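2 protein chains.
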Amino acid sequence: MTSVDDFADGFPPSSSGRHSLPELLASASAEVLLLGLTPPRRSVSPAEAAQIANVTVARLGGLDLDGLVLYDIDDESDRNPEQRPFPYLPTMDPVVFHAEYLSAWRGPVVVYRCVGKYTEAELSEWLHTVDTDRVLSVFVGSSSSRKPAHTRLDRAHALRDQLRPNLPLGGVTITERYTRHGDEHLRMLTKQERGCSFFISQVVYNVDATKSLLSDYFYACADRALQPRPVIFTLSVCGSLKTLAFVKWLGVDVPRWLENSLQRSRDPLTDSYLQCLANARELIDFCRNLRLPFGFNVESVSIRKVEIEASVLLAKELRTMLR
Amino acid sequence: MTSVDDFADGFPPSSSGRHSLPELLASASAEVLLLGLTPPRRSVSPAEAAQIANVTVARLGGLDLDGLVLYDIDDESDRNPEQRPFPYLPTMDPVVFHAEYLSAWRGPVVVYRCVGKYTEAELSEWLHTVDTDRVLSVFVGSSSSRKPAHTRLDRAHALRDQLRPNLPLGGVTITERYTRHGDEHLRMLTKQERGCSFFISQVVYNVDATKSLLSDYFYACADRALQPRPVIFTLSVCGSLKTLAFVKWLGVDVPRWLENSLQRSRDPLTDSYLQCLANARELIDFCRNLRLPFGFNVESVSIRKVEIEASVLLAKELRTMLR
C-alpha cells in the first residue's frame, strides 16, 4: 500500500495559493472542493468540443477549486429496468477531453475510469502514460455484476499498484449500498488496502444514512489504527421533476419528505439548492466533530443551463463554508 | 366522527393562562408540551405511592406543561425475543394512580389504555365514569398480533365513539412501522376516521424517517381535504448504555451514527440530551414550515434519578422553543 504523502510533489497549488490537491488529501484535516464535469457527447465536432471547454473553463474562473472531476460515463441502463429519464448518449473519453481541450484549466483533474469498459492492455497503456503531476484517478467497477466487464475493479487496482503506484487513486463510496447491505465501510477499507487514498461519494441526498456510513467507517479505521481517508461528498442540485426522476433512476436515495417537498415546490431549483447547502452544513459539522477529513464535489446531473449555473453558485458558496 | 372542537370546554387552562390542552389540540397551529410518567410499581404501598406522587408533582412545579401523560404498561416481552434489559414489573393502573394519588396535579392528564388488557365490560365501565373535564386518552393496540387481546383496538374505538364520544382520544404513531411498511400515515388516517384527534409518537430518535412519515401524513390529509391533527413527538434522553439497549429493545430506531457516538461517549446523558434538543429543533422547523400542528412529550424510559431530572430539564428547555 502506498501513502498519499508520496504524491504531494509536482502538483500545482490552487490559484489562491492553497495546498495542491494531493497535499490536501494527505492532510488529516483536509477540506477540499471539487467540481464534477461530464465530457461532451462523442458526436460533437472538435470545434464544438473546444467551445464547450472554453465556456466551462470561463465559468470556473471565479471559483477557487482544488480540482476538477471528469466523469467516464457508462451506459448503466442494465442496472435499472425502469426507463432512463434522459437518453444515454456516449460521451467523450475524459482522458481525451482533458488532453485535447482542457489545457486552459491549469489545476489538478480527477479522471474517472469505468474500468469494465477497458481491456487490461488499454488500462495499462493509459497507466504508463498518465501525467501524475496533473492527474488523479478514481476507478469505478461495473454498474452490475451481470454486465460483462473487460477488467474487474480488483484487477484494475492491482495494475495501478504494479504500473503507476504514484498515481493518486480514489474509490467510489455509495450510501445506498450501505443502507442495503450495511458493509460499505468495509468495502472502503478494502479499497484503502488496495491503494485508494480518498473517496468520492455518489450524489448524496440522504445525509442521515451518509452520517451512519461515515461513523462506521471512522470507527472501523480507529479499531484498526488506520488514518481515515478524506471522503468527498458529491452534491447536485435538482432543478426539475425530470432531474429528480433521473437522480432517483441513478439509484440516489432521496428522503421521502424531500421528494414530496420538491414535487410540490413552485421552485425546485431554489429549494434543492438550499437543501444542498443545509446538507453540506450538516456534513461539515459532522465530519469536523468526528475529525474526519472531507470535501465536496459539485456536479450537475442535468445539462440544463440554469442547473449548471446553480452548481457553480453552489460551489462558490461551499468554498465560503470550508477552511 | 367527532371534532376536537366539541371538547374545548371544561378543561382548566394551564397555570400560565395558556389555552387548555383540548383547545390547543383543536387549533391548527398547536404547539403543546406534555410530560410522560409511568405509574409506580403495583407492589408499592399506598404510602409509597403517595410519596412518589408528591415528589413527581413537586418536580413539575416549575414547568409550564399543557398536560401529563400517564402510561399503561403492558408486558411486551412477547414482541421481542431478545432479553429485556430492564425486568418487566407490573405497574399501577394509570387511572387508579391519577384518581387516588395525583390530586395535587390540577392540569389535564392523557391516560393511556392498552386496550388488549381489558375486557369490553371493563373498558365500558371506565368510559362511563371517566371525567372528560380532566382526562384525555390514548388507546394502544396489542404489541403483537400473536398475543391474545381482550379487546381489539378498532372495537375500543367503536366503544368510545358509542359511549363517550366527547372523550378526547389520541392515537399512537410509530416511525419504525412507517420505515418497515410505508403505510403508517394511512393508519393515522384510519385512526382519525375512528375519532382520534391527535397523535402521540413512540420515542423518536430517527428524525429523518419521522419527517418522511409526517410529510406523507400531511399530504395524505391535503389530498383528502382533511385538517391534519397534531402530532406529539415523544423524546427521551438516554443516559447510559443500558438505557440505550432498552430503547433499542423497545423497537426504537436509533440511527447508527448516533448509536456509535453514544456508545463511545464519556457522557451519554449530556450527549443524548443535546441530541434531543437538536432533534426537537429540526422537528419544530419542519412542522412549522409545513404548517403541521405538533408538540412534544418528554418521558424518561429509565427510572434513574439523573435521567428523570434531565427529562425535566429537557421539558423546561423545550418550553422556551415553543410558541
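Chains U and F, in that order, are what the protein sequence lines are.
Throughout, my numbering is defined as the position within the first sequence, counted from one, plus 28.
Throughout, my numbering is defined as the position within the second sequence, counted from one, plus 28.
Note that beta-carbon positions come from the ideal geometry of N, C-alpha and C, so glycine has one too.
Since the structure is predicted, the reported quantities are computational estimates derived from the model, not experimental observations.
Exercise. Is residue 261(F) helix, strand or coil when you go by DSSP?
Worked result: Collapsing the DSSP output to three states places residue 261(F) in a strand.
For this session: Return the CA-CA distance between residue 83(F) and residue 128(F), expressed in angstroms with no decimal places.
Result: 15 Å
Exercise. So which of 191(F), 99(F), 78(F) and 293(F) has the shortest CA-CA distance to residue 325(F)?
Worked result: Of the candidates 191(F), 99(F), 78(F) and 293(F), the one whose C-alpha sits nearest the C-alpha of residue 325(F) is 99(F).
Problem set entry | Closer than 7 Å to chain F by CB, residue 288(U) | yes
Problem set entry | Contact with chain F by residue 281(U), beta-carbon distance below 7 Å | no
For this session: Go ahead and pull the three-state DSSP assignment for residue 63(F).
Result: DSSP places residue 63(F) in the strand class (E or B) of the three-state scheme.
Exercise. What do you get for residue 33(F), buried or exposed, if any count of 16 or more other CB atoms within 10 angstroms of its CB means buried?
Worked result: Low local confidence applies: a pLDDT of 37 at residue 33(F) is under 50, so the model's placement there is unreliable, with the coordinate-based value given in what follows. Residue 33(F) is exposed by the Cβ-count criterion.
For this session: Spatial neighbours of residue 146(F) within its chain, please: CB distance less than 7 Å, with the 5 preceding and 5 following residues excluded, ordered by chain position.
Result: These residues qualify, in order along the chain: 178 and 179.
Exercise. Whose C-beta lies closer than 7 Å to the C-beta of residue 351(U) among residues of the same chain, with five residues either side of it excluded?
Worked result: Here the set comprises 59.
Exercise. Helix, strand or coil: which one does DSSP assign to residue 93(U)?
Worked result: Taken through DSSP and simplified to helix, strand or coil, residue 93(U) comes out as coil.
Exercise. Since residue 167(F) is in the beta strand (DSSP E), which residue starts that stretch and which ends it?
Worked result: For residue 167(F), the enclosing beta strand (DSSP E) covers residues 163-168.
For this session: Return helix, strand or coil for residue 339(U), following the three-state DSSP convention.
Result: It is helical.
Exercise. Among residues of its own chain, excluding the 5 on either side of residue 93(F), which ones have a beta-carbon nearer than 6 Å to its beta-carbon?
Worked result: 61 and 63
For this session: Under 8 Å Cβ to Cβ from residue 334(F), same chain only, skipping five residues before and after it: list those, please.
Result: 267 and 297
Exercise. Is residue 153(F) helix, strand or coil when you go by DSSP?
Worked result: Three-state result, residue 153(F): helix.
For this session: For the alpha helix (DSSP H) holding residue 290(F), just list the boundary residues, first then last.
Result: 284-291
Exercise. What do you get for residue 196(F), buried or exposed, if any count of 16 or more other CB atoms within 10 angstroms of its CB means buried?
Worked result: buried
Problem set entry | Straight-line gap, residue 262(U) to residue 238(U) (C-alpha atoms, nearest Å) | 11 Å
For this session: Out of 172(U), 348(U) and 245(U), point me to the one whose CA is closest to residue 108(U)'s CA.
Result: 172(U)
Exercise. Under a CB-based cut-off of 7 Å, is residue 300(F) close to chain U?
Worked result: no
Exercise. Comparing the C-beta of residue 284(U) with each C-beta of chain F, is any distance below 7 Å?
Worked result: So, interface residue.
Problem set entry | DSSP state of residue 326(U) mapped onto helix, strand, coil | strand
Exercise. How far does the beta strand (DSSP E) with residue 140(F) in it reach, from first residue to last?
Worked result: 137-142
For this session: Scan the region 175-227 of chain U and note each continuous alpha helix (DSSP H) run of 4 residues or more that stays entirely inside, going in chain order.
Result: 181-191, 203-209 and 212-221
Exercise. Going by the beta-carbon positions, is the gap between residue 152(F) and residue 187(F) smaller than 7 Å?
Worked result: yes
Exercise. For residue 231(F), which beta-bridge partners are listed by DSSP?
Worked result: 262(F)
Exercise. Would a C-beta distance cut-off of 7 Å place residue 208(F) and residue 240(U) closer than the cut-off?
Worked result: no
Exercise. Which first and last residues belong to the alpha helix (DSSP H) in which residue 302(F) is found?
Worked result: 296-318
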